[in-house]
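Visitor: Chains as they are written, first to last, in my numbering: chain A, 1 to 240; chain B, 1 to 240; chain C, 1 to 138; chain D, 1 to 138. Glycine included, each C-beta is placed from N, C-alpha and C at the ideal position. Small disclaimer: the values here were computed from a predicted structure and weren't measured. Got a structure here, written out as structure tokens. Questions coming.
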Amino acid sequence: MEPRPSVIQTRLKDVNRVIAVASGKGGVGKSMVASNLALSLAKQGKKVGLLDLDLYGPSSHLILGFNPDGFPDEEHGIIPQEIHDIKFMSLVYFSEDKPGAFRGDDVTNIILELLAITRWDDLDYLILDLPPGIGDETLDVISYIPQTEFLVVTTPSKVAFGAVEKLLKILIEGKLPLLGVIENMTRDSSEYISKKVSKLNVSYLGYLSYDAQVEDAIGDPLKLLETNLSKDILKVSKKL
Amino acid sequence: MEPRPSVIQTRLKDVNRVIAVASGKGGVGKSMVASNLALSLAKQGKKVGLLDLDLYGPSSHLILGFNPDGFPDEEHGIIPQEIHDIKFMSLVYFSEDKPGAFRGDDVTNIILELLAITRWDDLDYLILDLPPGIGDETLDVISYIPQTEFLVVTTPSKVAFGAVEKLLKILIEGKLPLLGVIENMTRDSSEYISKKVSKLNVSYLGYLSYDAQVEDAIGDPLKLLETNLSKDILKVSKKL
Amino acid sequence: MHEWALAESVIKSSIAAAEKENLKKITEINIRLGELQQIANDIFKFALNELVETYSDKFQDVKINIETEETELQCKQCNHTWQFKDMKNKLSADEAEAIHFIPEVAFVHTRCPKCGSPDFLIVKGRGVSVSSIKGIKE
Amino acid sequence: MHEWALAESVIKSSIAAAEKENLKKITEINIRLGELQQIANDIFKFALNELVETYSDKFQDVKINIETEETELQCKQCNHTWQFKDMKNKLSADEAEAIHFIPEVAFVHTRCPKCGSPDFLIVKGRGVSVSSIKGIKE
Ligand SMILES: Nc1ncnc2c1ncn2[C@@H]1O[C@H](COP(=O)(O)OP(=O)(O)O)[C@@H](O)[C@H]1O
Ligand SMILES: Nc1ncnc2c1ncn2[C@@H]1O[C@H](COP(=O)(O)OP(=O)(O)O)[C@@H](O)[C@H]1O
Ligand SMILES: [Mg+2]
Ligand SMILES: [Mg+2]
Ligand SMILES: [Mg+2]
Ligand SMILES: [Mg+2]
Ligand code: NI
Ligand code: NI
Ligand SMILES: [Zn+2]
Ligand SMILES: [Zn+2]
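Quick look at the structure:
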């Protein structure tokens with residue numbers, strides 16, 4: 001018998017909302033949205049946790065400029081370290097950011113382990129930074145944290161939306177909590193995405209402009225909070 | 001006993017080179033590079049095949065404007081249909097581009113099945129369009145097609161290269177054939193990537209500029225062949 | 001018939017296994033066909049016999065036994081188990097044929113009949129496997 | 001000690017299993033600890049006993065048996081098999097401790113000792129599992 005699932009809801013019992021930043025597509029800005037949303041909510045005085053579940057290319061720590069030094073403290077579980085008032089958990093504590101290879105079962109085991117031992121305690125929001133696709137990570141989140149609300153990110157591109165639409169359809173048919181779609185890296189206004197999203201009866205939560213300042217602010221949360229992206233994200237955060 | 005692996009090299013015996021377009025990171029342009037490289041090589045008179053192994057968000061058919069109508073022909077296996085002189089194989093023939101969910105083992109089974117039954121016959125190049133990460137797809141390609149040469153795509157971003165570097169390190173330590181790195185969607189010249197790549201003793205194969213024309217040309221190979229991106233890719237193709 | 005390609009994998013893997021075990025000739029191959037892939041027994045057997053001819057030096061009066069294995073599917077969300085044959089009649093001809101080519105598109109074209117989830121397991125009866133071979137050393 | 005969190009999962013899952021089987025009290029829990037996770041038997045047992053106190057109404061003179069399972073690893077590239085204990089002494093203290101937290105970082109910090117591949121399987125002996133429970137219906 002696999003004991004870990006039985007303790008996950010206990011670990012999350014004081015977490016008010018779990019929001020997964022997801023997309024069928026890679027590189028659309030899931031990690032950028034997840035990290036900046038966490039920063040924004042923390043700045044608004046909310047208690048926020050951030051769990052990076054992109055195990056192959058964890059990015060949240062890079063965006064937040066966090067280079068873990070040592071393991072999280074142990075006390076009846078593990079206690080996420082705080083970065084700019086965000087309780088942060090990621091495989092990088094344990095991988096030293098060295099490369100490795102995981103197959104699907106390994107991914108599931110890592111996620112189960114992180115969920116079973118991490119003590120989030122009291123949170124208003126736990127933000128999950130998901131990898132692209134509808135694979136083990138997404139399926140495990142659906143299985144083990146059924147209360148998860150999905151915030152789906154796309155870019156304006158047809159190619160991106162092709163993959164994103166698949167995820168949306170899976171969430172819709174499963175009647176899973178779906179907050180809506182954020183369009184990211186918008187360059188010129190077009191209604192392509194908002195129309196496509198409306199057709200699926202999903203909320204279009206607005207767009208985040210392509211912001212050339214962002215690259216330079218990566219790794220520096222204070223600078224990130226001053227970008228236009230951050231202002232755009234603040235607006236989105238009010239709609240959640 | 002699993003019989004399929006034993007026939008894979010037979011299926012590839014008249015394929016001169018297998019090139020996997022890969023990246024640790026999503027959304028860097030793997031599919032764009034793979035499709036355009038295939039178009040470019042075909043235009044240069046080479047016999048080219050393209051196999052889309054991004055099972056969650058297959059994109060190559062979207063980029064090439066291919067909407068499969070019916071299954072591939074069967075004759076001692078399945079015969080890829082030709083799009084602009086490219087022999088094309090993708091899960092979309094069988095999924096009707098509808099959404100589904102695959103776990104790691106399913107991914108391996110799909111890849112094994114496609115490799116075991118697809119008749120590429122004579123090819124100068126078989127291009128593989130991989131998903132991001134170092135998961136089942138990448139590991140299966142390494143296992144079952146050890147002759148695969150990796151062409152790794154990154155963007156200029158620190159966040160992207162963080163994930164890409166992991167894949168490069170895995171390929172280097174495994175002494176796997178590594179053609180080099182392409183920097184894609186470059187906006188302003190910076191030596192950040194080329195220096196990082198040189199430090200790893202990997203060839204930097206050049207950069208592809210961010211090309212605003214591209215979005216409009218998606219789905220139209222003739223238009224794609226007229227973009228600046230296509231010109232940049234032609235140059236890269238000469239270095240392979 | 002794409003069955004031929006899978007038959008070839010059976011023959012090639014059997015020959016490779018025989019070589020590993022120092023068998024000079026293969027005299028028996030036992031094959032399991034999972035129902036999910038809906039492979040026609042007779043077509044498959046025909047292909048196998050043709051291939052045995054091609055590699056005749058590796059075989060001696062070979063007996064090829066094909067056994068069909070029912071497909072058991074199990075939902076990871078609600079634990080419900082079911083058989084493929086229970087739902088096959090709900091599929092269009094194209095969907096069933098797509099599953100014949102790539103059994104995993106069952107995760108695209110079908111869902112758990114109880115809870116509707118696409119997250120289920122093919123517990124058994126997926127496709128072609130070789131359960132055992134027999135042969136002679138000299 | 002993060003062992004407490006895993007011990008809690010054992011207790012909670014045992015209680016859930018007992019409820020499913022209509023057991024009023026649990027009298028025995030049999031646990032397997034895979035060596036890869038390097039859980040200290042005594043710490044773990046201490047945590048379990050503490051938790052049994054907390055949920056004392058669910059247990060009656062419960063016997064907790066902990067069995068250690070050796071870790072067998074198998075390379076997907078070259079098929080070589082090995083044990084974790086054979087390579088543990090090559091790890092730094094931090095690497096070993098990282099594997100204690102998340103056993104799968106073995107795929108980050110270790111490689112197949114024969115061919116160097118990171119693509120290997122944890123065949124057995126990964127972490128904590130409950131092999132069986134016993135109890136009384138009344
Ligand atoms: N609004 C934006 N403006 C400019 N660059 C962005 C924006 N959002 C994301 N990026 C950049 O795009 C790339 C992909 O973003 P990332 O958050 O890593 O995507 P994902 O997590 O979906 O793979 C990164 O290099 C990131 O810095
Ligand atoms: N050189 C380029 N100029 C402009 N847009 C590009 C370029 N390369 C890729 N894109 C766009 O970037 C997005 C990601 O490309 P894609 O090939 O799908 O990435 P991947 O396969 O790595 O996920 C797509 O919307 C694509 O149209
Ligand atoms: Mg990300
Ligand atoms: Mg792609
Ligand atoms: Mg499945
Ligand atoms: Mg592994
Ligand atoms: Ni057929
Ligand atoms: Ni511990
Ligand atoms: Zn179900
Ligand atoms: Zn090995």
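1) Among the candidates D:49, D:16, D:84 and D:38, whose CA atom is the shortest distance from the CA of residue 7 of chain D?
2) Quick one: which chain A residues come within Cβ less than 9 Å of residue 99 of chain B?
3) If you drop the 5 nearest sequence neighbours on each side, which residues of the same chain put their C-beta closer than 7 Å to that of residue 282 of chain A?
4) Taking 9 Å as the threshold (beta carbon to beta carbon), is residue 102 of chain D in contact with chain A?
5) What residues from chain D crowd round residue 241 of chain B, counting only those whose CB sits closer than 9 Å?
6) Check this for me: beta carbons of residue 237 of chain B and residue 9 of chain B, under 9 Å apart or not?
7) With a threshold of 16 other CB atoms inside 10 Å of the CB of residue 68 of chain D, please say whether the residue is buried or exposed.
8) Taking 9 Å as the threshold (beta carbon to beta carbon), is residue 60 of chain D in contact with chain B?
9) At a Cβ threshold of 9 Å, is residue 143 of chain B touching chain E?
10) For residue 1 of chain A, is the beta carbon positioned less than 8 Å from some heavy atom of ligand 8?
11) Measure from the C-beta of residue 219 of chain A to each C-beta in chain B and report whether the shortest distance is under 9 Å.
12) Do we get a CB-CB distance below 9 Å when we pair residue 125 of chain D with the residues of chain A?
13) Among B:49, B:24 and B:70, whose alpha-carbon lies nearest the alpha-carbon of residue 54 of chain A?
14) Give me whichever residues DSSP pairs with residue 191 of chain B in a beta bridge.
15) Take residue 235 of chain A as the anchor and find which of A:212, A:204, A:219 and A:220 has the nearest alpha-carbon.
16) Quick check for students: name the residue ranges of the beta strand (DSSP E) that lie wholly in the segment 82-167 of chain B, counting only runs of 3 or more.
17) Cβ of residue 233 of chain B less than 9 Å from any chain C Cβ?
18) If you follow the beta strand (DSSP E) that residue 20 of chain C is part of, which residue opens it and which one closes it?
19) Check this for me: beta carbons of residue 240 of chain B and residue 179 of chain B, under 9 Å apart or not?
20) Taking only beta carbons into account, state which residues of the segment 66-85 of chain B come closer than 7 Å to chain C, listed in chain order.
21) Is residue 21 of chain B near residue 120 of chain B, with beta carbons less than 9 Å apart?
22) Using a Cβ cut-off of 9 Å (strictly closer), state whether residue 25 of chain C contacts chain B.
23) Does DSSP put residue 54 of chain C in a helix, in a strand, or in coil?
24) Just the C-alpha distance for residue 87 of chain C and residue 73 of chain C, rounded to the nearest angstrom, thanks.
25) When you measure from the CB of residue 221 of chain B to every non-hydrogen atom of ligand 4, does any distance come out below 8 Å?
26) Is it the case that the CB of residue 8 of chain C approaches a heavy atom of ligand 7 more closely than 8 Å?
27) Rounded to whole angstroms, what is the Cα-Cα separation between residue 182 of chain B and residue 208 of chain B?
28) If you draw a straight line from the alpha carbon of residue 49 of chain A to that of residue 150 of chain A, how long is it in whole angstroms?
29) Compare the C-beta of residue 211 of chain A with all C-beta atoms of chain B and state if any pair is closer than 9 Å.
30) Quick check on this structure: which residue in B:129, B:144 and B:70 has the alpha carbon closest to the alpha carbon of residue 37 of chain B?
31) Check the DSSP bridge columns for residue 39 of chain B and list the partner residues they point to.
32) Within 10 angstroms of its Cβ, does residue 192 of chain A collect 16 or more other Cβ (buried), or is it exposed?
33) Answer yes or no: the CB of residue 94 of chain A versus the heavy atoms of ligand 8, is any distance below 8 Å?
34) Can you tell me whether residue 217 of chain D is buried or exposed, with buried defined as 16 or more other CB within 10 angstroms of its CB?
35) Would you call the CB atoms of residue 104 of chain D and residue 106 of chain A closer than 9 Å?
36) Whose Cβ in chain A lies nearer than 8 Å to the Cβ of residue 116 of chain C?
Guide: According to the structure data:
1) Translated into the one-based positions of the fourth sequence, residue 7 of chain D becomes position 7. Here the closest residue by C-alpha is D:49.
2) On the second sequence, position 99 is the one that residue 99 of chain B refers to. Within 9 Å Cβ-Cβ: 24, 134, 165, 166, 167, 168, 169, 170 and 173.
3) No answer is possible for residue 282 of chain A: the residues shown for chain A start at 1 and end at 240.
4) Here residue 102 of chain D corresponds to residue number 102 of the fourth sequence, with the count starting at 1. Yes, because at least one Cβ of chain A sits closer than 9 Å to the Cβ of residue 102 of chain D.
5) Any answer about residue 241 of chain B is impossible in this case: the structure gives chain B only from 1 up to 240.
6) In the second sequence, counting from the first residue as 1, residue 237 of chain B sits at position 237. In the second sequence, counting from the first residue as 1, residue 9 of chain B sits at position 9. No, they are not a contact pair.
7) For the purposes of this step, residue 68 of chain D is taken as the residue at position 68 of the fourth sequence. Its Cβ having fewer than 16 others within 10 Å, residue 68 of chain D is exposed.
8) Numbered from its first residue, the fourth sequence carries residue 60 of chain D at position 60. It does not: the Cβ of residue 60 of chain D has no partner Cβ on chain B nearer than 9 Å.
9) Although the question refers to chain E, the structure presented lacks it and instead comprises the protein chains A, B, C and D.
10) Within the first sequence, residue 1 of chain A is the residue found at index 1, counting from 1. Not under cutoff, so the answer is no.
11) The residue labelled residue 219 of chain A in the question sits at position 219 within the first sequence. Closer than 9 Å to some Cβ of chain B, the Cβ of residue 219 of chain A qualifies, so yes.
12) By one-based count along the fourth sequence, residue 125 of chain D stands at place 125. Cβ-Cβ to chain A under 9 Å: no for residue 125 of chain D.
13) The residue given as residue 54 of chain A occupies position 54 in the first sequence. For residue 54 of chain A, the nearest C-alpha among the options comes from B:24.
14) By one-based count along the second sequence, residue 191 of chain B stands at place 191. None; residue 191 of chain B has no bridge partner.
15) To locate residue 235 of chain A, count along the first sequence from 1; it is residue 235. Looking at the Cα atoms, A:204 is the closest of the given residues.
16) 86-89, 123-129 and 149-154
17) On the second sequence, position 233 is the one that residue 233 of chain B refers to. Not one chain C Cβ lies under 9 Å of residue 233 of chain B.
18) The residue labelled residue 20 of chain C in the question sits at position 20 within the third sequence. Residue range 3-20 is occupied by the alpha helix (DSSP H) that includes residue 20 of chain C, with no beta strand (DSSP E) assigned at that position.
19) For the purposes of this step, residue 240 of chain B is taken as residue 240 along the second sequence, with counting starting at 1. For the purposes of this step, residue 179 of chain B is taken as residue 179 along the second sequence, with counting starting at 1. Against a cut-off of 9 Å, the Cβ pair of residue 179 of chain B and residue 240 of chain B comes out as a contact.
20) 71, 74, 76, 77 and 78
21) By 1-based counting over the second sequence, the position of residue 21 of chain B is 21. By 1-based counting over the second sequence, the position of residue 120 of chain B is 120. Not closer than 9 Å, so no.
22) Taking the first residue of the third sequence as position 1, residue 25 of chain C is located at position 25. Chain B, which has no Cβ nearer than 9 Å to the Cβ of residue 25 of chain C, makes this no.
23) Within the third sequence, the letter at position 54 stands for residue 54 of chain C. In the three-state DSSP reduction, residue 54 of chain C falls in the helix class (H, G or I).
24) Walking along the third sequence from the start, residue 87 of chain C turns up at place 87. Walking along the third sequence from the start, residue 73 of chain C turns up at place 73. Roughly 11 Å between the two C-alpha positions.
25) Indexing the second sequence from 1 puts residue 221 of chain B at position 221. No, Cβ of residue 221 of chain B sits at least 8 Å from all heavy atoms of ligand 4.
26) Here residue 8 of chain C corresponds to residue number 8 of the third sequence, with the count starting at 1. Answer for residue 8 of chain C: no, Cβ out of range of ligand 7.
27) Within the second sequence, numbered from 1, the residue matching residue 182 of chain B stands at position 182. Within the second sequence, numbered from 1, the residue matching residue 208 of chain B stands at position 208. Whole-angstrom Cα-Cα distance: 7 Å.
28) Looking up residue 49 of chain A in the first sequence gives position 49. Looking up residue 150 of chain A in the first sequence gives position 150. Near 16 Å, if we compare the C-alpha coordinates of residue 150 of chain A and residue 49 of chain A.
29) Translated into positions along the first sequence, residue 211 of chain A becomes position 211. Output row for residue 211 of chain A: interface = no.
30) Looking up residue 37 of chain B in the second sequence gives position 37. For residue 37 of chain B, the nearest C-alpha among the options comes from B:129.
31) Indexing the second sequence from 1 puts residue 39 of chain B at position 39. DSSP lists no partner for residue 39 of chain B.
32) Residue numbering aside, residue 192 of chain A sits at position 192 when the first sequence is read from its first letter. The residue is exposed, with fewer than 16 neighbouring Cβ atoms inside 10 Å.
33) Residue mapping note: residue 94 of chain A aligns to position 94 of the first sequence, counting from 1. No, since every heavy atom of ligand 8 falls outside the 8 Å radius drawn around the Cβ of residue 94 of chain A.
34) Only positions 1 to 138 of chain D appear in the structure, and residue 217 of chain D is not among them; the question remains open.
35) Position 104 of the fourth sequence, counted from the start, is the residue given in the question as residue 104 of chain D. Position 106 of the first sequence, counted from the start, is the residue given in the question as residue 106 of chain A. In this structure, residue 106 of chain A lies closer than 9 Å to residue 104 of chain D by Cβ.
36) To locate residue 116 of chain C, count along the third sequence from 1; it is residue 116. When 8 Å is used as the limit between beta carbons, residue 116 of chain C is near these residues of chain A: 173 and 174, in chain order.
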